[in-house]
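Written out below as structure tokens is the structure these notes cover.
Numbering (the numbering used here), first residue to last: 49 to 482.
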């Protein structure tokens, strides 16, 4: 099937059908050509999701992302009878399964898309399935992989050189990179979160459609992912997200208990320089300032008790070094001056009493604060809710997942503002654990 101009497909990866249909309506108004019943939606709502989409959009192409691995004939049959025009089978399925999907599709009037998700030898498989009579090749950058920041259209380019079949691309598509996907050889652009998590899905769809039609980049503030190599981009995202977002991204991670900012409205983020010291002994905390680099956050374990190990003079020194802030499992003083300086300082206790600089302790060693391990180089994020630690080996993934949480909340907030409640939008009664 030849495609003369790029097609925009919206992937409805919801778990609630009513939200999916409302979003699809906005996306269609914005210019979406095809509507996909995403795998989560089909698993949650069954084939009724396809039936309802067909009822709501009788003239639109409906794609059923069944991710078929076996019994291809049966799964294509039921999807087609429910109203799907296109049914997706995984390329890693047995070749006989793919063949059965194609044969069943011919019988029941459905076209078959083969998803190259986790296929090891893509060029070889493309040649094989093309001979079987599949209609489309699907290139899928998994959501979990997107969270590492690795989004590339190289596979699309390689496939385009060996087949005339239309190529669909899904995963990390937004209005900034959609045109690149078309230039790489894709003719079906599958957008998920950049539309479904947008406060204005109609405009989001319109922007992506314009981008792929005119082959231009349209700036997007959200729906972009970063890699661990770019600290500035990571910092920019963590500055947009909240500590609550980060906790959710880390599967409800615990904060550093009872440690809060000395003034409201401040955010802190940056790699940790760790210090272990005796209560009141401020020698190592101050020495750590000289060892730290721009943007670093000094994290001090002083046992969670008084006297203070940090004050205004240490703060002034940290400002000179352009540090990102300080987090103290212990006490701080001179908070009136620190507030005037607007330096991000978080502590468990406030006291006027300091100790003596005896030099007990260590710098840049693993520490544990209220049961939470902190290693040198781990990233610290803090705001009015408290402080969370991001393990350095999970930095890019956690940062991207925190942005994903924020994006989803933006959409939910918009639906609430339209007259709903959180309980209704999230369908809490439906999803209470049985």
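Ideal Cβ positions, reconstructed from N, Cα and C, are used throughout, including at glycine.
Could you tell me if residue i is buried or exposed, where buried requires 16 or more neighbouring beta carbons within 10 angstroms of its beta carbon?
i, result
"residue 317", "buried"
"residue 142", "exposed"
"residue 117", "exposed"
"residue 470", "exposed"
"residue 414", "exposed"
"residue 93", "buried"
"residue 426", "buried"
"residue 371", "buried"
"residue 479", "exposed"
"residue 377", "buried"
"residue 264", "exposed"
"residue 91", "exposed"
"residue 416", "exposed"
"residue 57", "buried"
"residue 461", "exposed"
"residue 200", "exposed"
"residue 434", "buried"
"residue 106", "exposed"
"residue 213", "buried"
"residue 467", "exposed"
"residue 432", "exposed"
"residue 157", "exposed"
"residue 476", "exposed"
"residue 441", "exposed"
"residue 389", "exposed"
"residue 277", "exposed"
Tell whether a beta-carbon distance below 8 Å holds between residue i and residue j.
i, j, result
"residue 207", "residue 182", "no"
"residue 294", "residue 392", "no"
"residue 444", "residue 275", "yes"
"residue 325", "residue 353", "no"
"residue 98", "residue 75", "no"
"residue 245", "residue 456", "yes"
"residue 267", "residue 224", "yes"
"residue 286", "residue 447", "yes"
"residue 405", "residue 331", "yes"
"residue 101", "residue 146", "no"
"residue 486", "residue 152", "Missing from the structure shown is residue 486; the chain here goes from 49 to 482 and no further."
"residue 247", "residue 458", "yes"
"residue 348", "residue 310", "no"
"residue 204", "residue 189", "no"
"residue 69", "residue 109", "no"
"residue 150", "residue 160", "yes"
"residue 79", "residue 253", "yes"
"residue 120", "residue 148", "yes"
"residue 320", "residue 185", "no"
"residue 61", "residue 95", "no"
"residue 55", "residue 82", "yes"
"residue 438", "residue 291", "no"
Sorted by chain position, which residues of the same chain lie with C-beta nearer than 6 Å to residue i's C-beta, five sequence neighbours on each side aside?
i, result
"residue 77", "250"
"residue 123", "114, 116"
"residue 226", "237, 256, 259, 260"
"residue 395", "376, 380"
"residue 365", "337"
"residue 410", "324"
"residue 387", "311"
"residue 305", "418"
"residue 452", "none"
"residue 196", "444, 445"
Quick one: what's got a C-beta closer than 8 Å to residue i's C-beta in the same chain, skipping five residues either side?
i, result
"residue 483", "Because residue 483 is not part of the residues shown, which for the chain are 49 to 482, the question remains open."
"residue 407", "329, 331, 332"
"residue 176", "143"
"residue 194", "219, 220, 273, 448"
"residue 211", "174, 175, 178, 185"
How about residue i: is its C-beta nearer than 8 Å to some C-beta of chain C?
i, result
"residue 422", "Reference to chain C is not applicable here, since this structure consists of a single protein chain."
Considering only residues of the same chain and omitting the five flanking positions on each side of residue i, which have a CB-CB separation below 7 Å?
i, result
"residue 360", "382, 385, 386"
"residue 424", "320, 321, 322, 412"
As an exercise, report each continuous beta strand (DSSP E) stretch of at least 3 residues that is fully enclosed by the stretch 369-431, in chain order. Whole beta strand (DSSP E) segments, 3+ residues: 373-380, 393-398, 409-411, 415-417, 420-422, 427-431.
May I ask you to verify whether the stretch 420-437 touches the stretch 294-307, counting CB pairs closer than 8 Å and requiring at least 3?
yes
Note to self: Going residue by residue through the stretch 127-214, where are the continuous alpha helix (DSSP H) segments of at least 4 residues, counting only ones entirely within it?
What the structure shows: 143-156, 170-180, 191-194, 202-208
- Spell out a yes or no on whether the stretch 238-247 and the stretch 213-222 are touching, meaning 3 or more CB-CB pairs, one atom from each, closer than 8 Å. yes
>> If contact is defined by three or more beta carbon pairs under 8 Å, each pair taking one atom from either stretch, is the stretch 393-413 in contact with the stretch 369-383?
In response: yes
Margin query: Would you call the stretch 360-371 in contact with the stretch 329-346, where contact means no fewer than 3 C-beta pairs closer than 8 Å?
Written below: yes
### Task
Could I get the ranges of all uninterrupted beta strand (DSSP E) runs contained in the stretch 296-326, with 3 residues as the minimum, in chain order?
316-325
inquiry  = For the structure I just gave you, are there three or more beta carbon pairs, one from the stretch 127-136 and one from the stretch 164-177, closer than 8 Å?
reply    = no
Hey, which unbroken runs of the alpha helix (DSSP H) at 4 residues or more fall wholly within the stretch 429-470? 443-465
At which residue ranges does the stretch 216-260 contain complete alpha helix (DSSP H) runs of 4 or more residues, listed in the order of the chain? 226-232, 241-244
* In chain order, which alpha helix (DSSP H) runs of at least 4 residues are fully inside the stretch 77-115? -> 87-93, 96-104
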